[in-house]
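Residue numbering for the sequence shown follows my numbering, starting at 562 and increasing by one per position.
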Amino acid sequence: MGSSGLVSMSWWLKKTSTMGDQQKPSAEVESFTPVETRKHICRLANAVRVLSALGFTLTVELIIETAEASASSNVEINDMLGAEFYVLTAEREAKRRSDQLKKKNGAR
562 MGSSGLVSMS
572 WWLKKTSTMG
582 DQQKPSAEVE
592 SFTPVETRKH
602 ICRLANAVRV
612 LSALGFTLTV
622 ELIIETAEAS
632 ASSNVEINDM
642 LGAEFYVLTA
652 EREAKRRSDQ
662 LKKKNGAR
């Protein structure tokens with residue numbers, strides 16, 4: 562995560578060596594980030610976007626919980642930015658905070 566709070570993803574293409582009519586890709590281009598890893602990164606990035614848009618304080622735990630909640634609810638990565646997931650996230654956070662208050666007040 563960068564200092565702006567956003568996850569930066571980019572592709573770096575290395576120069577290919579030209580040998581006659583054939584192009585030989587370099588080792589870095591051949592070994593790319595696996596699809597599953599990229600999906601997890603995108604899910605985490607969308608979790609940050611959703612939580613920021615809702616005005617919640619970003620913590621590692623909350624970001625991971627939100628990403629895991631989207632996966633366990635079978636929400637597609639691109640659907641995380643839809644209104645339904647925003648509502649689910651806000652409801653989940655409200656319930657978590659309510660439970661925290663009940664716990665705190667019950668301990669007195």
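Think of the CB as a built atom: it goes at the ideal place given N, C-alpha and C, for glycine as much as any other residue.
When you compare only the Cα positions, how much space is there between residue i and residue j?
i, j, result
"L642", "E629", "15 Å"
"A655", "V596", "33 Å"
"K665", "R653", "18 Å"
"A644", "T594", "30 Å"
"T620", "G667", "26 Å"
"K663", "R657", "10 Å"
"D660", "S592", "46 Å"
"D640", "F617", "20 Å"
Using a Cβ-Cβ cut-off of 8 Å (strictly less than) and excluding sequence neighbours within five positions of residue i, which residues of its own chain qualify?
i, result
"V651", "Position check: residue 651 holds Ala in this sequence, whereas Val was assumed. Correct list, in chain order: L615."
"A632", "R604"
Where does residue i fall in DSSP's three states?
i, result
"V648", "helix"
"E637", "coil"
"S592", "coil"
"G616", "coil"
"G643", "coil"
"W573", "Low per-residue confidence applies at W573: pLDDT is 36, beneath 50, and the placement is therefore not dependable, though the value from the model is reported in the following sentence. Residue state, collapsed to three classes: coil."
Could you name the residues of the same chain whose beta carbon sits closer than 7 Å to that of residue i, not counting the 5 residues immediately before and after it, in chain order?
i, result
"I624", "L605, A608, V609 and L612"
"K600", "I638"
In chain order, what residues of the same chain have a beta carbon less than 6 Å from the beta carbon of residue i, not counting five sequence neighbours either side?
i, result
"S634", "none"
"V636", "F646"
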